[in-house]
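In the numbering used here, each residue's number is its place in the sequence shown (first place is 1) plus 690.
Backbone N, C-alpha and C fix where the C-beta goes; we use that ideal spot for every residue, glycine too.
What follows is a set of notes on a single structure, which appears directly below.
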Amino acid sequence: MTTSAHNPATPPAAGPSGPPSGTPNVDEAEVERFRRIASEWWDGKGKFRPLHQLAPARLTFVRDQLAGHFGLKGSGLKPLKGLRVLDVGCGGGLVSEPLARMGASVVGIDPGRENVEAARAHVEGQTGAGGLDLSYRVAMVEQLAAEGVQFDAVVSLEVVEHVPDVGAFVASCASVVRPGGALVLSTINRNLKSYALAIVAAEYVLGWLPRGTHQWDRFVTPEELARYVTAAGLAAPVFKGLSYDPLKDTWSLSDDTDVNYLAFAGKG
Numbered sequence: 691m692t693t694s695a696h697n698p699a700t701p702p703a704a705g706p707s708g709p710p711s712g713t714p715n716v717d718e719a720e721v722e723r724f725r726r727i728a729s730e731w732w733d734g735k736g737k738f739r740p741l742h743q744l745a746p747a748r749l750t751f752v753r754d755q756l757a758g759h760f761g762l763k764g765s766g767l768k769p770l771k772g773l774r775v776l777d778v779g780c781g782g783g784l785v786s787e788p789l790a791r792m793g794a795s796v797v798g799i800d801p802g803r804e805n806v807e808a809a810r811a812h813v814e815g816q817t818g819a820g821g822l823d824l825s826y827r828v829a830m831v832e833q834l835a836a837e838g839v840q841f842d843a844v845v846s847l848e849v850v851e852h853v854p855d856v857g858a859f860v861a862s863c864a865s866v867v868r869p870g871g872a873l874v875l876s877t878i879n880r881n882l883k884s885y886a887l888a889i890v891a892a893e894y895v896l897g898w899l900p901r902g903t904h905q906w907d908r909f910v911t912p913e914e915l916a917r918y919v920t921a922a923g924l925a926a927p928v929f930k931g932l933s934y935d936p937l938k939d940t941w942s943l944s945d946d947t948d949v950n951y952l953a954f955a956g957k958g
């Protein structure tokens, strides 16, 4: 999320590069940007409005894929009851909290303390939150991997494109998925269309996101993500796109993965 110095009309050279060997797989400038606006996570009309708009489609994908994989009914008030889920890069809890309301036992982690505090504050202020099996922790997935903990499912939405070393990040996420479990990711494809829509339009023309939220060279193609996922010992991922309808101002699941997309993979 560091501000890009290049002309927004001209995409930079592609090819994400990881951090030097031995350094943490986190971009402190990215974390700091989120820290500064942590108080706005739950403002549906503020800086995180795009994530609020994406929420119904993203959560539908997560619910349906997890329910299908684990043989759950996938309907009713608690479709994910019985699952232990880790939300990596949970931010203010926009994914963690709904998953807990679906019946899952959820742990949300984020490297930004302010984000975790915002997530905790929001759930504490909600009616009926006392019945949720939900906890938050200031941590990175590598820490949990070192601790040897595992979950039925690991979810990390809109995080991949902010990580210096995607392959290492996916491997860490996969390592905390138990055998027979599953991994769900979402990110942004890297091509001229995604540059035009996700950066030029979203950040500079429409102002949906603060300028510098994304770096195009960190976007990941489905083919690249599939290689990272399978290299981490998971099955070939199932992909689904997210498409925007400007007339209805809504997002929906689609077969178009040119820009925003989701991936689901099981672990044998």
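Taking the continuous beta strand (DSSP E) assigned at residue i, which residues delimit it?
i: V867; result: 867-878
i: A953; result: 950-956
i: W732; result: Per DSSP, W732 belongs to no beta strand (DSSP E) and is neither H nor E.
i: L943; result: 940-944
i: G798; result: 795-800
i: L770; result: Where L770 is concerned, there is no enclosing beta strand (DSSP E), given that its DSSP letter is neither H nor E.
Can you name the start and end residues of the alpha helix (DSSP H) that residue i belongs to?
i: D754; result: 739-760
i: S846; result: Premise fails: S846 lies in the beta strand (DSSP E), 841-847, not in any alpha helix (DSSP H).
i: V850; result: First-last for V850: undefined, no H or E at that position.
i: R723; result: 718-726
i: L822; result: First-last for L822: undefined, no H or E at that position.
i: T831; result: A quick correction: the sequence has Val, not Thr, at residue 831. Note, V831: alpha helix (DSSP H), 831-837.
i: R917; result: 912-921
i: R908; result: R908 -> no alpha helix (DSSP H), and no H or E assigned at all.
i: L789; result: 786-791
i: A925; result: First-last for A925: undefined, no H or E at that position.
i: A968; result: With the chain running from 691 to 958 in the structure shown, residue 968 is simply not present.
Since I believe residue j is in contact with residue i (beta carbons under 8 Å), could you give me their beta-carbon distance rounded to a whole number of angstroms?
i: K957; j: L924; result: 5 Å
i: A808; j: W731; result: 5 Å
i: F859; j: V850; result: 7 Å
i: Y951; j: N881; result: Not quite, the Cβ-Cβ distance comes to about 12 Å (not below 8 Å), so this is no contact.
i: G779; j: D800; result: 6 Å
i: A747; j: L932; result: 6 Å
i: L847; j: V785; result: 6 Å
i: G802; j: V721; result: 5 Å
i: V845; j: V775; result: 6 Å
If you draw a straight line from the C-alpha of residue i to the C-alpha of residue j, how long is it?
i: R908; j: P769; result: 34 Å
i: N805; j: I727; result: 9 Å
i: A921; j: S862; result: 12 Å
i: P788; j: A864; result: 22 Å
i: P869; j: D935; result: 38 Å
i: D939; j: V867; result: 35 Å
i: D946; j: V752; result: 17 Å
i: Q743; j: W941; result: 7 Å
i: L773; j: K763; result: 13 Å
i: L943; j: G761; result: 22 Å
i: T750; j: L937; result: 21 Å
i: G857; j: V813; result: 32 Å
i: G871; j: E832; result: 18 Å
i: A745; j: R725; result: 21 Å
i: V716; j: D948; result: 26 Å
i: S795; j: K737; result: 28 Å
i: L741; j: R723; result: 16 Å
Classify residue i as buried or exposed, calling it buried when 16 or more other Cβ atoms lie within 10 Å of its own Cβ.
i: R791; result: buried
i: L824; result: buried
i: K930; result: buried
i: D777; result: buried
i: A955; result: buried
i: G734; result: exposed
i: A719; result: exposed
i: L767; result: exposed
i: A926; result: exposed
i: G781; result: buried
i: A836; result: exposed
i: G783; result: buried
Is residue i near the ligand NAD, going by C-beta to nearest heavy atom under 8 Å?
i: M792; result: The ligand content of the structure shown is nil, which means the ligand NAD is not present either.
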